[in-house]
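Residue numbers (my numbering): 236 to 602.
See below:
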């Protein structure tokens with residue numbers, strides 16, 4: 236949030252409290268795209284205490300559109316009113332793809348569904364109430380023939396969709412109840428029965444199993460158990476300790492290399508032998524290997540704990556091409572995943588360097 240939320244400031248442990256503890260130089264960044272940039276900068280600055288003002292070395296104005304020369308008088312006005320320099324006027328960067336924070340849920344709710352087409356791969360993402368890890372899905376939207384829509388109503392899952400993805404969730408127990416209450420359980424089962432592709436990632440994987448048991452009250456009342464979709468022969472027990480680790484491995488299904496990370500409370504185990512594990516993985520630099528996830532016998536329903544699994548071009552390309560071929564479309568080479576994302580951040584850094592007074596900023600930091 237803002238560094239000057241006056242009703243919250245007494246208990247604010249971030250923003251200026253962290254800066255003061257570290258003796259860090261600060262830059263106030265304002266978003267001009269939504270208007271009111273003068274009130275943002277001057278108003279916020281005037282609300283600061285003297286100790287906080289002394290930490291401010293200047294301002295950045297982000298997401299500027301139009302001719303920057305028309306804002307010369309605006310920069311002069313801000314500098315005269317505050318006595319601090321404007322260190323950059325950064326133009327809006329249209330053509331860039333970087334990770335989205337989880338608060339993007341607000342934007343997802345507002346954007347209209349994209350039009351489906353027979354010559355596209357049409358993907359539905361279940362818009363769970365506690366949805367998380369949007370970055371798992373962003374790479375799909377960069378594929379030129381993919382249409383991806385977030386759906387909150389079960390009747391939106393029409394036969395025009397080729398694939399449904401159940402993403403991560405911050406609370407699998409409550410979302411399992413929501414799926415039943417809103418008619419999603421029947422809709423997803425019917426969708427799978429028609430030979431469509433289904434993918435569950437982390438909490439979405441747990442939802443594809445037969446049940447989730449919460450013996451320690453991690454997400455619900457202690458000892459509570461809830462039935463899930465039963466599309467994969469696995470059960471999950473929620474544990475006290477959270478697993479957080481980077482992983483790499485090989486997809487048993489396709490042989491493609493995988494890379495990503497795990498962050499979950501559950502331990503999921505198969506209860507029947509139908510199907511097979513999804514991948515054989517390990518922590519980079521360590522020898523111990525284990526099997527992750529599960530795949531149905533027909534290979535159409537996949538569950539995995541690996542966040543970022545779709546960034547692996549081999550796996551993503553294999554599923555997309557299976558769908559394309561089933562629709563009579565030509566296979567395509569997949570876009571690059573994580574490597575391409577790193578390049579995006581390099582482009583963003585170059586963009587800021589071009590439009591900011593970097594030498595002055597580094598000088599203020601003593602570098």
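All residues carry an ideal CB built from backbone N, CA and C; glycine is no exception. Just so we're clear, the structure is a prediction, and the values are computed from it rather than from any experiment.
Three-state class that DSSP yields for residue i in the structure shown
i           : result
residue 522 : coil
residue 540 : coil
residue 600 : coil
residue 425 : helix
residue 364 : coil
residue 492 : strand
residue 384 : strand
residue 404 : strand
residue 288 : helix
residue 497 : strand
residue 593 : helix
residue 503 : strand
residue 453 : coil
residue 250 : coil
residue 245 : helix
residue 352 : coil
residue 533 : coil
residue 392 : coil
residue 267 : coil
residue 298 : strand
residue 466 : coil
residue 564 : coil
residue 372 : coil
Alpha carbon of residue i to alpha carbon of residue j, nearest angstrom
i           : j           : result
residue 599 : residue 292 : 7 Å
residue 181 : residue 358 : The chain is shown from 236 up to 602; residue 181 falls before or after that span and cannot be answered.
residue 399 : residue 489 : 20 Å
residue 557 : residue 451 : 41 Å
residue 423 : residue 583 : 39 Å
residue 258 : residue 290 : 8 Å
residue 548 : residue 276 : 43 Å
residue 387 : residue 363 : 7 Å
residue 478 : residue 278 : 44 Å
residue 453 : residue 360 : 26 Å
residue 540 : residue 560 : 27 Å
residue 437 : residue 508 : 21 Å
residue 552 : residue 414 : 29 Å
residue 483 : residue 568 : 22 Å
residue 195 : residue 405 : Since the first and last residues shown for the chain are 236 and 602, residue 195 lies out of range.
residue 296 : residue 372 : 30 Å
residue 579 : residue 287 : 33 Å
residue 577 : residue 586 : 14 Å
residue 594 : residue 402 : 43 Å
residue 458 : residue 241 : 42 Å
residue 513 : residue 537 : 7 Å
Residue i: first and last residue of the uninterrupted beta strand (DSSP E) it sits in
i           : result
residue 460 : 459-462
residue 410 : Residue 410 -> not in any beta strand (DSSP E); alpha helix (DSSP H) instead, spanning 407-416.
residue 329 : Per DSSP, residue 329 belongs to no beta strand (DSSP E) and is neither H nor E.
residue 309 : No beta strand (DSSP E) holds residue 309; the alpha helix (DSSP H) holding it covers 307-317.
residue 399 : 398-401
residue 480 : 469-486
residue 281 : Per DSSP, residue 281 belongs to no beta strand (DSSP E); it is in the alpha helix (DSSP H), 279-282.
residue 430 : Per DSSP, residue 430 belongs to no beta strand (DSSP E) and is neither H nor E.
residue 449 : 446-449
residue 514 : 514-517
Enclosing alpha helix (DSSP H) for residue i [first to last residue]
i           : result
residue 550 : 548-561
residue 259 : It is not in any alpha helix (DSSP H) - residue 259 carries neither H nor E in the DSSP assignment.
residue 442 : 438-443
Cβ-based neighbour list, residue i, same chain, cut-off 8 Å, excluding 5 preceding and 5 following
i           : result
residue 460 : 446, 447, 448, 449
residue 317 : 276, 277, 280, 294
residue 262 : 291, 292, 293, 294, 295, 322, 596
Beta-carbon contacts of residue i that lie in its chain and below 7 Å, excluding the five residues immediately before and after
i           : result
residue 411 : 442, 447, 461, 463
residue 523 : 517
residue 550 : 486, 489, 491, 493, 544
residue 264 : 295, 297
residue 592 : 322, 323
Cutoff 6 Å; reference residue i; Cβ partners in own chain excluding five residues on either side
i           : result
residue 472 : 448, 502
residue 555 : 356
residue 396 : 357, 359
residue 510 : 529, 530, 531, 532
Under 8 Å, with one C-beta from each stretch per pair, do the segment 261-277 and the segment 239-248 reach the 3-pair mark?
no
The segment 324-331 touching the segment 370-383, judged by at least three CB pairs closer than 8 Å
Touching, no, given that fewer than three Cβ pairs across the two stretches are closer than 8 Å.
Could you check whether the segment 520-529 touches the segment 387-406, counting it as contact only if at least three pairs of C-beta atoms, one from each stretch, sit closer than 8 Å?
The segment 520-529 is not in contact with the segment 387-406.
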